[in-house]
Amino acid sequence: MNALPRISYFLQQAFRLARTSPWLSVVSVLTLAVSLSLIGLLATVLFAANGLIDELGARLTISVYVADGTPKDRMTEIETRLRAHPGVRAVRALSREADRERNRKLLDPELLAGLDEEAIPGQPMLELELDSGLASRGDLDTLIAWAKKTREVESVEDVEFGAEKLRLLFAAVEILRTVGLVLAAVMLASALFFVFSTVRLGVFSRRQEIEVLSLMGATPRFIRAPFLIEGALQGLLGSLVAMAFIWLLHLELQSLVRDMYRINMDASLLPPSMVLWLLVSGPALGLLASGVSVGRHLRV
Amino acid sequence: MIQLYHVHKRFENGAEALSDVTLRVREGEFVFLTGRSGAGKSTLLRLLLVMERVSEGQVLIGGRNIHVLRDASVPYLRRNIGVIFQDFRLIPNRTVWENIAIGMQILGIGRKEIDRRVGQLLEAIGLEQRKTALPCNLSGGEQQRVAIARALVNEPAILLADEPTGNLDPQLSLEIMDLLLEINRRGTTVLVATHNTALIERYGLRTLELESGRLLHDHARRDGAAGTRPGSGLGSGAWDLAAQALGHGGAVKPVRAPAKPGDQRGMAKDEATRDDASTDDTSGAQAGTDAAHSGDTAPGAAAQQEASS
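Residue numbers (this note's numbering), protein chains in the order written: chain A, 1 to 300; chain B, 301 to 609.
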C-alpha cells in the first residue's frame, strides 16, 4: 500500500470531473490564460518603462541661461544658490564662447558652412547635474516648480531641461499601469470565478458520490483531493496556453521589427522569469479558486 | 458488538426520533430492526454510522463510545461498517468494477490486489460478465448485489442494511436476504432495518421493534432459524470464492476470542493513528478494525456461549 494508487485514483477522478462540464472547463482555462498573459506582459512593459525612466532620470541635466554681461560675482552668487538646492549633484559654469563651441559641435557642419561666428547661438550658462534616479512623478513636479522659481531670479533668462518629455513618459506609464491592473484584475477575477464555478458544479453533480465515499470511510481529504487537482490542472493548462500565446506574440513582434527596422529584436517576451511566473501562478490560482469552492460547497 | 444505552435523539425542530433506547447486538448476530415509517429505524442506523450524533445516552461499537469520537476519526470507524441502502446508492458514472473497488481505493490498496479481490467478489455475486456495465444497465437485484459486494469488499465487522429489499420484488428480496444470511454465517454482524413483516416472519430471527422512537419489543430468535450461529456450514462454491475474496480462506469466520479485560490496544492504536491521519489513511483503517474486533468483550463472550450451546 503506497501513495501511488491514490495519486493515480485522484488524477483519474480529476480528469473525470473535468469532463462533467467541459465547456466551463475550457472557458476557465482560456480566461486564466488571458489574465495570466496580461499580467505577465504588463509586468514586462512596466519593468521596461521604469528602466527607461531611471535611465533618463540619471542623464537629466538643467541648463540655466544667464543674461549676457552678467558680472562674475553675480554669476558666482547664482551658482552658489543653485548648488545649495537638494538633489543638485554638480554645477558647471560655461562662458558664452564655451557654450557656442559646444553648440557648434552639436550642429551639422553642413548647416554651419559659411555661417557667421556670431550667428551660432551662445550664452553664458550654468549646467546642473542632478542626483540619479527620480523616484516618482512627485519628485519631477518639485523639480519643475523649482526650475520655474529659478527663472524668476535676477539675471536668469531661461531655464531648460527635458522634464516635459519625462513627465509624459511618467503619465503614460501610470495610465498603462492603472488600466492594465484594472483589466488584469477583472480578467483574473473572472478566471477565478470560472474555476470556482466549474468545481462547484462538479461538487453538486457528485453529491451522492460524495455521500457514498464518506459512508465508506473516505477522509475529507480523500474526497476533496480530486476537486483540488481539477482546479490546479485547469490552472496549469491556463499557464501552458498563456505561454503559447506569448510565444506567438513574440514571434509576430520579432518579424514585424525585422521587416520595419531591419534589426533583430534581442529582447524576449518569454524570459525565464515569465515562464516561472506562468508555471507557478497558474496552478496556484487554480488551486486557490478550487480550494475556496470546495471549502464553501463540500461539506464532509 | 453494538450497544445503545438510554439513547435519545432529538432534532433541531424539537422532534424526538429516538427515545430512551437501550439494546445490545452481539458479535456475529443477525438482527432485524423493524417498525413503521418514522419509528426511528433509519435514525438508529444513522447514529451507528455517525451521520448523526446522539442527543443523550451512549452508543458503543466494539466497546468504543462513538458519541465522543472526533470527526477526524469517523472515517476510520466507518471503514469497519458495511452499509446497504434501499436505493442501492451506486455511483452512476462508475462501472460495476469501480463501484466495488472504491472501498479498497480509499485504503490506497494497489491495483493488482483490487483486481484480484473485486474479481472474486464479482464471481461470487455472479456478475463477472457485467463488470464494465454502468449501474443504470443493471436490474434492481443486480444493483443490490453490487451494493452488497461493495459493502463487503473491506471485510467489515458489521453490516448495516436500510430496507435492502424495499425496491425489489419478493423473489429478489429472498435472494438478497439469503445473501445477507450467508454473510452473517461467516461471522459478520448484520443489522437489517425493514418494515417487511413477511420477511421477518419467514426468517424468524431476532427482531427489535421500534415505535415512535421507543424500543417496543425485542423478539428473540426462533429455534431453528437460519443464520446467526457461527459454524453452521458453508454455502455454494461461489460463496467459497467470496469467502476467499473476503480473506476468510473459504472457512467459517471464527468467533474471535474475547479481548483480555481492559485490553484497549486497538483503541489506543486508533487514537495514535488519528493524530497521524493526514499521512496514512490505511493505518487508521487497520486501527479501526482492531478497535471493532477487540473491544466488545462481554458480547463476544456471549456470542461464543451461544454458538457452543
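Glycine is no exception: its CB is placed at the ideal position from the N, C-alpha and C atoms. Bear in mind the structure is a predicted one, so any value in this text is a computation, not a measurement.
Tell me the rounded alpha-carbon separation between A/Arg-16 and A/Phe-193. The count along the first sequence starts at 1 and reaches residue 16 of chain A at position 16. The count along the first sequence starts at 1 and reaches residue 193 of chain A at position 193. Looking at the two C-alpha atoms, the distance is approximately 21 Å.
To the nearest angstrom, how far is it from the Cα of B/Asp-580 to the Cα of B/Ser-319? For the purposes of this step, residue 580 of chain B is identified with residue 280 of the second sequence, where counting begins at 1. For the purposes of this step, residue 319 of chain B is identified with residue 19 of the second sequence, where counting begins at 1. Bear in mind that the predicted position of B/Asp-580 carries a pLDDT of just 39, short of 50, making it unreliable; the figure below should be weighed with that in mind. When rounded, the distance between both Cα atoms is 38 Å.
Going by DSSP, what residues sit across from B/His-517 in a beta bridge? Locating residue 517 of chain B in the second sequence gives position 217, where the first residue counts as 1. Beta-bridge pairing links B/His-517 to B/Glu-509.
Just confirm the distance between the C-beta atoms of A/Gly-238 and A/Gly-202, as a whole number of angstroms; I'd bet it's less than 8 Å. Residue mapping note: residue 238 of chain A aligns to position 238 of the first sequence, counting from 1. Residue mapping note: residue 202 of chain A aligns to position 202 of the first sequence, counting from 1. The Cβ separation is near 17 Å, so there is no contact.
Using 8 Å as the cut-off, can you tell me whether the stretch 446 to 457 of chain B makes contact with the stretch 378 to 386 of chain B, which would need three or more C-beta pairs spanning the two stretches below that distance? yes
Say whether chain A places a C-beta atom closer than 8 Å to the C-beta of B/Pro-464. Residue numbering aside, residue 464 of chain B sits at position 164 when the second sequence is read from its first letter. Judged by the 8 Å Cβ criterion, B/Pro-464 is not in contact with chain A.
To which residues does DSSP link A/Gly-235 through a beta bridge? The sequence position of residue 235 of chain A within the first sequence is 235, counting from 1. According to DSSP, A/Gly-235 bridges with nothing at all.
So is A/Glu-230 in contact with chain B if we call contact Cβ pairs under 8 Å? Against the first sequence, residue 230 of chain A aligns to sequence position 230. Not closer than 8 Å to any Cβ of chain B, the Cβ of A/Glu-230 fails to qualify, so no.
Report all residues from its chain with a CB closer than 8 Å to the CB of B/His-517; omit the five preceding and five following residues, and keep chain order. As a first step, residue 517 of chain B is located in the second sequence; it is residue number 217 there, counting from the start. Cβ within range, chain order: Thr-507, Leu-508, Glu-509.
So what does B/Phe-332 bridge to, in DSSP terms? Locating residue 332 of chain B in the second sequence gives position 32, counting from the first residue. Per DSSP, B/Val-492, B/Thr-507.
Fully enclosed by the stretch 423 to 506 of chain B, which beta strand (DSSP E) runs are 3 residues long or longer? 458 to 462, 489 to 493
Less than 8 Å between the CB atoms is what I'm expecting for B/Ile-402 and A/Met-216, so what's the real figure, rounded? Locating residue 402 of chain B in the second sequence gives position 102, counting from the first residue. Locating residue 216 of chain A in the first sequence gives position 216, counting from the first residue. With a Cβ gap of about 6 Å, B/Ile-402 and A/Met-216 count as contacting.
Return yes when the Cβ of A/Val-195 is within less than 8 Å of the Cβ of A/Ser-28, no when it is not. To locate residue 28 of chain A, count along the first sequence from 1; it is residue 28. To locate residue 195 of chain A, count along the first sequence from 1; it is residue 195. Taking 8 Å as the Cβ cut-off, A/Ser-28 and A/Val-195 qualify as a contacting pair.
B/Ile-384, enclosing beta strand (DSSP E) - first and last residue: Here residue 384 of chain B corresponds to residue number 84 of the second sequence, with the count starting at 1. Note, B/Ile-384: beta strand (DSSP E), 381 to 385.
At a Cβ threshold of 8 Å, is A/Ala-218 touching chain B? Reading the first sequence from its first residue, position 218 is the one you call residue 218 of chain A. Yes - at least one Cβ of chain B is within 8 Å of the one on A/Ala-218.
Among B/Gly-504, B/Arg-417, B/Leu-323, B/Arg-394, whose alpha-carbon lies nearest the alpha-carbon of B/Ile-438? By 1-based counting over the second sequence, the position of residue 438 of chain B is 138. Checking the sequence, you will find Leu at residue 438 of chain B rather than Ile. The shortest Cα separation from B/Leu-438 among B/Gly-504, B/Arg-417, B/Leu-323, B/Arg-394 belongs to B/Arg-394.
Look up A/Leu-50 in the DSSP assignment and say whether it is helix, strand or coil. As a position in the first sequence, residue 50 of chain A is number 50, starting the count at 1. Per the sequence shown, the amino acid found at residue 50 of chain A is Asn instead of Leu. The answer is helix: DSSP assigns A/Asn-50 an H, G or I state.
Taking the continuous alpha helix (DSSP H) assigned at A/Gly-291, which residues delimit it? Taking the first residue of the first sequence as position 1, residue 291 of chain A is located at position 291. Counting along the chain, the alpha helix (DSSP H) containing A/Gly-291 begins and ends at 272 to 297.
Here's the rule: buried if 16 or more other CB atoms are within 10 angstroms of the residue's CB, otherwise exposed. What is A/Trp-23? As a position in the first sequence, residue 23 of chain A is number 23, starting the count at 1. A/Trp-23 should be labelled exposed.
Measuring straight from C-alpha to C-alpha, what distance separates B/Arg-411 and B/Leu-480? On the second sequence, position 111 is the one that residue 411 of chain B refers to. On the second sequence, position 180 is the one that residue 480 of chain B refers to. Near 27 Å, if we compare the C-alpha coordinates of B/Leu-480 and B/Arg-411.
From which residue to which residue does the beta strand (DSSP E) around A/Ile-62 run? Numbered from 1 along the first sequence, position 62 holds the residue referred to as residue 62 of chain A. It spans 61 to 66 - the beta strand (DSSP E) in which A/Ile-62 sits, taken as one unbroken run.
Does A/Arg-177 get closer than 8 Å to chain B when you measure Cβ to Cβ? Position 177 of the first sequence, counted from the start, is the residue given in the question as residue 177 of chain A. No, because no Cβ of chain B sits closer than 8 Å to the Cβ of A/Arg-177.
Over what stretch of residues does the beta strand (DSSP E) that includes A/Ala-93 continue unbroken? Translated into the one-based positions of the first sequence, residue 93 of chain A becomes position 93. First-last of the beta strand (DSSP E) with A/Ala-93: 88 to 94.
Spell out whether any CB of chain A is found under 8 Å from the CB atom of B/Met-301. Translated into positions along the second sequence, residue 301 of chain B becomes position 1. No, its Cβ sits nowhere closer than 8 Å to a Cβ of chain A.
So which of A/Lys-149, A/Phe-10, A/Pro-272 has the shortest CA-CA distance to B/Ile-406? What you label residue 406 of chain B is simply residue 106 of the second sequence in a count that begins at 1. It is A/Phe-10 whose Cα lies nearest to the Cα of B/Ile-406.
So that I know if they touch, is there some Cβ in chain A lying closer than 8 Å to that of B/Ile-458? Translated into positions along the second sequence, residue 458 of chain B becomes position 158. Taking Cβ atoms only, chain A never reaches closer than 8 Å to B/Ile-458, which makes this a no.
How long is the line joining the alpha carbons of B/Ser-342 and B/Asp-462, rounded to whole angstroms? What you label residue 342 of chain B is simply residue 42 of the second sequence in a count that begins at 1. What you label residue 462 of chain B is simply residue 162 of the second sequence in a count that begins at 1. If you take the alpha carbons of B/Ser-342 and B/Asp-462, they lie about 7 Å apart.
Is the beta carbon of A/Ala-33 closer than 8 Å to that of A/Phe-340? For residue 340 of chain A there is no data in the structure shown, the boundaries of chain A being 1 and 300.
Mapping the DSSP letters down to three states, classify A/Gly-114 as helix, strand or coil. As a working mapping, residue 114 of chain A is identified with position 114 in the first sequence. Coil.
So what does DSSP say about A/Ser-21, is it helix, strand or coil? The residue labelled residue 21 of chain A in the question sits at position 21 within the first sequence. Residue state, collapsed to three classes: coil.
Checking 8 Å against the spacing of the C-beta atoms, do A/Thr-44 and A/Ala-191 come in under that value? As a working mapping, residue 44 of chain A is identified with position 44 in the first sequence. As a working mapping, residue 191 of chain A is identified with position 191 in the first sequence. The answer is no: Cβ separation not under 8 Å.
Buried or exposed (CB count within 10 angstroms, at least 16 for buried), B/Ala-424: Here residue 424 of chain B refers to the residue found at position 124 of the second sequence. Burial call: buried.
Examine chain B for any beta-carbon lying closer than 8 Å to the beta-carbon of A/Gln-254, and answer yes or no. The count along the first sequence starts at 1 and reaches residue 254 of chain A at position 254. Not closer than 8 Å to any Cβ of chain B, the Cβ of A/Gln-254 fails to qualify, so no.
Tell me which residues share the same chain as A/Ala-242 and place their Cβ nearer than 8 Å to its Cβ, disregarding the 5 neighbours each side in the sequence. In the first sequence, residue 242 of chain A corresponds to position 242, counting from 1. These residues qualify, in order along the chain: Leu-32, Ala-33, Val-34, Leu-36, Ser-37, Gly-40, Leu-278, Gly-282.
Verify the CB distance criterion: does A/Pro-5 have a CB-CB separation below 8 Å to chain B? Against the first sequence, residue 5 of chain A aligns to sequence position 5. It does; some Cβ of chain B falls within 8 Å.
With 7 Å as the limit, tell me which residues of the stretch 370 to 401 of chain B have their beta carbon closer than that to any beta carbon of chain A; keep them in chain order. Pro-375, Tyr-376, Arg-378, Arg-379, Val-383, Arg-389, Ile-391
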